[in-house]
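S.K.: Residue numbers (our numbering), protein chains in the order written: chain W, 23 to 140; chain U, 44 to 156. We put the CB at the ideal spot given by N, CA and C, even for glycine. Below: one structure in structure tokens.
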Amino acid sequence: GAVVSQHPSWVICKSGTSVKIECRSLDFQATTMFWYRQFPKQSLMLMATSNEGSKATYEQGVEKDKFLINHASLTLSTLTVTSAHPEDSSFYICSAYVSGGEETGELFFGEGSRLTVL
Amino acid sequence: AQSVTQPDIHITVSEGASLELRCNYSYGATPYLFWYVQSPGQGLQLLLKYFSGDTLVQGIKGFEAEFKRSQSSFNLRKPSVHWSDAAEYFCAVASTGGFKTIFGAGTRLFVKA
Chain W
23 GAVVSQHPSW
33 VICKSGTSVK
43 IECRSLDFQA
53 TTMFWYRQFP
63 KQSLMLMATS
73 NEGSKATYEQ
83 GVEKDKFLIN
93 HASLTLSTLT
103 VTSAHPEDSS
113 FYICSAYVSG
123 GEETGELFFG
133 EGSRLTVL
Chain U
44 AQSVTQPDIH
54 ITVSEGASLE
64 LRCNYSYGAT
74 PYLFWYVQSP
84 GQGLQLLLKY
94 FSGDTLVQGI
104 KGFEAEFKRS
114 QSSFNLRKPS
124 VHWSDAAEYF
134 CAVASTGGFK
144 TIFGAGTRLF
154 VKA
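What follows is the structure, given as structure tokens:
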């Protein structure tokens, strides 16, 4: 299957700094990627839809100025948490959408990135 | 609005016993349904999916799920659980084949020897 890689897997930063998380599709091109946030022992919350070459579409309640998403190429989307605070600590997961037609669309997930803000 | 309910937060089964994880969805049209598994600290792996056709779908690792439109359910089953199946399981729904997927709260499976 298609492989999606996230980097870094773990990151610890000081409050007030910015952190960038990369999501790469290694062996395929992804026009659309999604960013999810997962709190401990909870489900995945869709944050935004990242479209190559255009602005991301954010879900209601997600601060677009706090969580900057850039999808500059067909294999790379980045999530930058700006001016991070402890409440931004979470597990961030990206996924890439592959459409082979209506019956064969599928999401491929990265391994996730755990952010801890001190 | 789309939603997914997994009524069981956690389930414990003995190794070798059968397993059923419940999932109910709310969606106005024919849903695309998925089951994913997540091991601790990792991303998600697709177990199986239902788009149309046969309502009993087979997945990887010996899992299967049955779509019941009348009950708005898509329960996951496995006839004999292995210790390596211990993980978090998520049921999910989407309007098309995986695009903008909405996840249930998850069910954590514990397997006892």
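1) Once the 5 residues before and after G38/W are set aside, which same chain residues still bring their CB inside 8 Å of it?
2) With 8 Å as the threshold, decide whether the Cβ of L80/W is near any Cβ in chain U.
3) By a C-beta neighbour count over all protein chains shown, 10 Å radius and 16 as the cutoff for buried, is G134/W buried or exposed?
4) Kindly list, in the order they appear in chain U, the residues whose Cβ is closer than 7 Å to that of E133/W.
5) Could you round the C-beta distance between Q59/U and V100/U to whole angstroms and report it? I think they count as a contact, below 8 Å.
6) So what does DSSP say about K92/U, is it helix, strand or coil?
7) Tell me the rounded alpha-carbon separation between S112/W and S31/W.
8) Please list the segments of the beta strand (DSSP E) lying wholly inside the region 23 to 103 of chain W, counting only runs of 3 or more residues, in order along the chain.
9) For L129/W, decide whether its Cβ has a neighbour in chain U, counting only Cβ atoms nearer than 8 Å.
10) Which whole-angstrom value is the C-beta distance of E128/W and L89/U, which I expect to be below 8 Å?
M.R.: For this structure:
1) Counting only Cβ-Cβ distances below 8 Å, and skipping sequence neighbours, we find S105, A106 and H107.
2) The sequence given here has Tyr at residue 80/W, not Leu. Not closer than 8 Å to any Cβ of chain U, the Cβ of Y80/W fails to qualify, so no.
3) The residue in question, G134/W, is buried, as its Cβ has 16 or more Cβ neighbours within 10 Å.
4) Going along chain U in sequence order, the residues near E133/W (Cβ under 7 Å) are Q85 and G86.
5) Here residue 59/U is Gly; the residue named in the question, Gln, does not match the sequence. Distance from G59/U to V100/U at the Cβ level is roughly 24 Å; contact not present, criterion being Cβ atoms closer than 8 Å.
6) Three-state result, K92/U: strand.
7) Across the structure, S112/W and S31/W are spaced so that their CA atoms are roughly 12 Å apart.
8) Counting only runs that start and end inside the region 23 to 103 of chain W, the beta strand (DSSP E) elements of at least 3 residues fall at 26 to 29, 32 to 35, 41 to 47, 54 to 60, 66 to 73, 89 to 95 and 98 to 103.
9) Cβ-Cβ to chain U under 8 Å: yes for L129/W.
10) Right, their Cβ atoms sit about 7 Å apart.
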